[in-house]
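Protein sequences, first through last, are from chains X and S. Sequential numbering of the first sequence, starting at 1, is according to the UniProt record's numbering. Sequential numbering of the second sequence, starting at 1, is according to the UniProt record's numbering. Presented below is the structure to which this report refers.
There are 2 protein chains.
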Amino acid sequence: MEHGQAHEHSIERELECVSQVPIFQRLSADQMMSVAQVTRPIHAEKGGTVFSTGEVSQTLYIVNQGQVRLYHLAEDGREQVLRVLNPGDFIGEIALFTDEIHSSYAEATKTTELCTISRSALTALIKKLPPLSMALLGALADRLKVAERQATLLAIPDALPRLAGYLRELSGHTAGTVDLPMSKQDLAAYLGMTPESLSRKLRQLVTAGIIETIGRRQVKITDATKLGDVAPA
Amino acid sequence: MEHGQAHEHSIERELECVSQVPIFQRLSADQMMSVAQVTRPIHAEKGGTVFSTGEVSQTLYIVNQGQVRLYHLAEDGREQVLRVLNPGDFIGEIALFTDEIHSSYAEATKTTELCTISRSALTALIKKLPPLSMALLGALADRLKVAERQATLLAIPDALPRLAGYLRELSGHTAGTVDLPMSKQDLAAYLGMTPESLSRKLRQLVTAGIIETIGRRQVKITDATKLGDVAPA
DNA sequence: CGATCAATTGACACGGCTCAAGGGGTGTGG
DNA sequence: CCACACCCCTTGAGCCGTGTCAATTGATCG
Numbered sequence: 001m002e003h004g005q006a007h008e009h010s011i012e013r014e015l016e017c018v019s020q021v022p023i024f025q026r027l028s029a030d031q032m033m034s035v036a037q038v039t040r041p042i043h044a045e046k047g048g049t050v051f052s053t054g055e056v057s058q059t060l061y062i063v064n065q066g067q068v069r070l071y072h073l074a075e076d077g078r079e080q081v082l083r084v085l086n087p088g089d090f091i092g093e094i095a096l097f098t099d100e101i102h103s104s105y106a107e108a109t110k111t112t113e114l115c116t117i118s119r120s121a122l123t124a125l126i127k128k129l130p131p132l133s134m135a136l137l138g139a140l141a142d143r144l145k146v147a148e149r150q151a152t153l154l155a156i157p158d159a160l161p162r163l164a165g166y167l168r169e170l171s172g173h174t175a176g177t178v179d180l181p182m183s184k185q186d187l188a189a190y191l192g193m194t195p196e197s198l199s200r201k202l203r204q205l206v207t208a209g210i211i212e213t214i215g216r217r218q219v220k221i222t223d224a225t226k227l228g229d230v231a232p233a
Numbered sequence: 001m002e003h004g005q006a007h008e009h010s011i012e013r014e015l016e017c018v019s020q021v022p023i024f025q026r027l028s029a030d031q032m033m034s035v036a037q038v039t040r041p042i043h044a045e046k047g048g049t050v051f052s053t054g055e056v057s058q059t060l061y062i063v064n065q066g067q068v069r070l071y072h073l074a075e076d077g078r079e080q081v082l083r084v085l086n087p088g089d090f091i092g093e094i095a096l097f098t099d100e101i102h103s104s105y106a107e108a109t110k111t112t113e114l115c116t117i118s119r120s121a122l123t124a125l126i127k128k129l130p131p132l133s134m135a136l137l138g139a140l141a142d143r144l145k146v147a148e149r150q151a152t153l154l155a156i157p158d159a160l161p162r163l164a165g166y167l168r169e170l171s172g173h174t175a176g177t178v179d180l181p182m183s184k185q186d187l188a189a190y191l192g193m194t195p196e197s198l199s200r201k202l203r204q205l206v207t208a209g210i211i212e213t214i215g216r217r218q219v220k221i222t223d224a225t226k227l228g229d230v231a232p233a
C-alpha cells in the first residue's frame, strides 16, 4: 500500500499465482495481467478446509503451492478420495458451467496457497482470450482421460490386476521409482479396496519380484514387463 | 452437383447435422454455417465400426442419429463398455488436445449418422467463436462429472449398493420408468460385475419391492426412498 | 524419547465369481 | 403371420478372494 504503485503492488501476489499455473503458462505478460486482476488468493493451513459438501460453488480454485485432498464422505464414515491436487491442478470447473452444489470436501494436506476466479470473471476472460479456452479445454480433456482410466481400472473385479494397472499408469509404463500421491489408506479407498487388501497385494507384487517398496510413499518398479502381465489389457 | 447452387447444396447435410447437436445449438445461423463448412458427415451401418484401437485420431465425432457403443477389449476377450453415445453426444475430444492413439473401439449399434470435425478446423473455430468454447467447456465438464460419479460408484465394494447407486443416477433420484442404455451383460461389465451377479441383484431389488423390471431394457423405480437407502451417500 | 497413527499380519466368514444348465424374449425366414 | 432358432438372461451349486475384526509392528512428529 505504498504511494503511487499501490495498485500494481496489490496484485503482485495474484500475478505470482497466475504465472505458476500451467493453464495460464502460454499467455503473454499482458494477458496474464488481465487474469491476475480478477484473481483472488486464498490461504489454507494444513488440515484446513477449502470448501465443504453442500456449499454452492461458482468459483474455480487453482492450487499454487501445497496440496489439496478431494474426498467424499460415505454414510458409514469411510472417506472416498476422488483426487489429490498438486500445484497447477484446479477444481471447481464443473460448477462453473452447471449450477451445482459441491458433493465433496476439499482439505489441505499441508500449508497451501490457492488462487480463485469467479464464474463471471472467467467467462469474461474466455471471451477475451482464445488461448485461454484452448488451455482450459486441454486441461479438462486431460482430467477426463484420467477419470475414464480410473473408471476402467475400478471395473476390474480382482484387486491384484487393479493395483497393477494403477501402478503401471503411475509409472508411465516404464521401470523406475514412483511417488504415491497419497497415503496407503487413501490409495486403498481410491482403488476400491481396503487398506488390508492393498497391503497384501503390494506384498504379493514384492514377493513376485515385480516391485520394491521404498519407505512409506515410494514404490520402485523393477520389472515393468511382469507388471504389464499382471495388469489388464 | 447441379448448376449454380451446387456448393450450398453440398453442405445441406452437414448443416442438418450441426443444427441437431446441442453444443452448436446456441450459435447463430451464420456461425452454424461456419461450423457446417468444416464438417464432414459419416455413415455407419448397424454393427459397423467407426474407429478401432490403435488408430491415431485428430477428429471429433458427433453422433447425429443412431447410437454408438464405446468399448475396450480385454485380453481375455471380455468387452468393457466405457460409454454409450446417443444423438448429441460426442467423442474424440481428448485426442484433440493430446496426440494420442485410440484405446477403444467404437461400434454402431444401429444405423448411425455422425459428423466429424478435424482438429485444425476445430481450433480455428474456437478462436473465431467464443460461444463455442463455452459450449464445449460445458459439455466437457458434464462428461467429467459423469466419469467421476462412475468412478465413485465403482469404488463401492458391494454389488448391491453399486447397482442401486447406478439406478438412482439413471432415474434422476425420482420414481418412474427408466431405459437401460445398454444390454444387461454390457451393463454388468460397466458396473464391474458379472451378468450373473447383476441378474441376482436386480431380482433382490424386485423382491424388496423397490423396482420392477419391464421387458428387457426397462426398469421401473417404485420406491425411490428405499432405493436411496440401499444406495450410498 | 515417548505418544500417536499408519501400516502390516493373521484368522475367519461372507459375498461374488466360476462353471453349468435351463427358460424366455426377440428377430429372422418361410 | 407364424414358427423356428439364436442369444440374452436367469437360476443353481461350489469355491476362491476379499472384507471384517483384532492385535502387533513400525514410522513420524512433538
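Glycine is no exception: its CB is placed at the ideal position from the N, C-alpha and C atoms. Remember, predicted model here, so these are calculated numbers, not experimental data.
- For S/Ser-28, the number of other beta carbons within 10 angstroms of its own is below 16, and it is reported as exposed.
- Identification of residues in the segment 131-152 of chain X having a C-beta nearer than 8 Å to some C-beta of chain S yields Ser-133, Met-134, Leu-136, Leu-137, Gly-138, Leu-140, Ala-141, Asp-142, Arg-143, Leu-144, Lys-145, Ala-147, Glu-148, Gln-150, Ala-151, Thr-152, given in sequence order.
- In terms of beta-carbon proximity, X/Gln-185 stays away from the interface with chain S, with every pair separated by 9 Å or more.
- Among the residues facing chain X, S/Met-182 is not included, as its CB has no counterpart in that chain under 9 Å away.
- For chain S, the residues of the segment 85-98 of chain X that bring a beta carbon within less than 8 Å of one of its beta carbons are Glu-93, Ile-94, Leu-96, Phe-97, Thr-98, in chain order.
- Taking all protein chains in view, the Cβ of S/Arg-143 is crowded by 16 or more other Cβ atoms within 10 Å, so the residue is classified as buried.
- Of the candidates S/Thr-222, S/Gly-209, S/Leu-132, S/Leu-132 places its Cα closest to the Cα of S/Met-32.
- Remark: C-beta atoms of X/Leu-227 and X/Ile-210 approach each other more closely than 9 Å.
- For X/Ala-124, the number of other beta carbons within 10 angstroms of its own is below 16, and it is reported as exposed.
- With contact defined as three or more Cβ pairs closer than 8 Å, the segment 106-126 of chain S and the segment 149-162 of chain X are not in contact.
- Legend: CB atoms of the UniProt domain "HTH crp-type" (157-225) of chain X lying less than 9 Å from CB atoms of chain S belong to residues Pro-157, Ala-189, Tyr-190, Leu-191, Gly-192, Met-193, Thr-194.
- Under the three-pair Cβ rule at 8 Å, the segment 191-211 of chain X counts as touching the segment 158-166 of chain X.
- Put simply, of X/Thr-194, X/Ala-231, X/Ala-135 the residue whose alpha carbon is nearest the alpha carbon of X/Leu-170 is X/Ala-231.
- Apart from sequence neighbours up to five positions away, the residues of its chain that approach X/Gln-80 with a beta-carbon distance below 7 Å are Tyr-71, His-72, Ala-74, Ala-189, ordered along the chain.
- Counting only unbroken stretches of 3 or more residues, the beta strand (DSSP E) elements lying wholly within the segment 183-229 of chain X are 211-214, 218-221, in sequence order.
- When only Cα atoms are considered, X/Arg-69 and X/Leu-140 end up about 18 Å apart.
- With distances taken between CA atoms, S/Phe-24 lies nearest to S/Met-134 out of S/Gly-172, S/Met-134, S/Ala-233, S/Leu-167.
- Note on X/Asn-86: under 16 other CB atoms within 10 angstroms of its CB, so exposed under the neighbour-count rule.
- Using a Cβ-Cβ cut-off of 9 Å, X/Pro-232 counts as an interface residue toward chain S, since at least one Cβ of chain S sits closer than that to its own.
- Contact between X/Pro-181 and X/Val-50 does not hold, since the beta-carbon distance rounds to 17 Å and is not under 8 Å.
- Under the three-pair Cβ rule at 8 Å, the segment 34-43 of chain X does not count as touching the segment 88-95 of chain X.
- At a cut-off of 9 Å between C-beta atoms, X/Gln-80 counts as an interface residue with respect to chain S.
- For S/Ser-19, the closest alpha carbon among the candidates S/Leu-114, S/Glu-55, S/Ala-108 is that of S/Leu-114.
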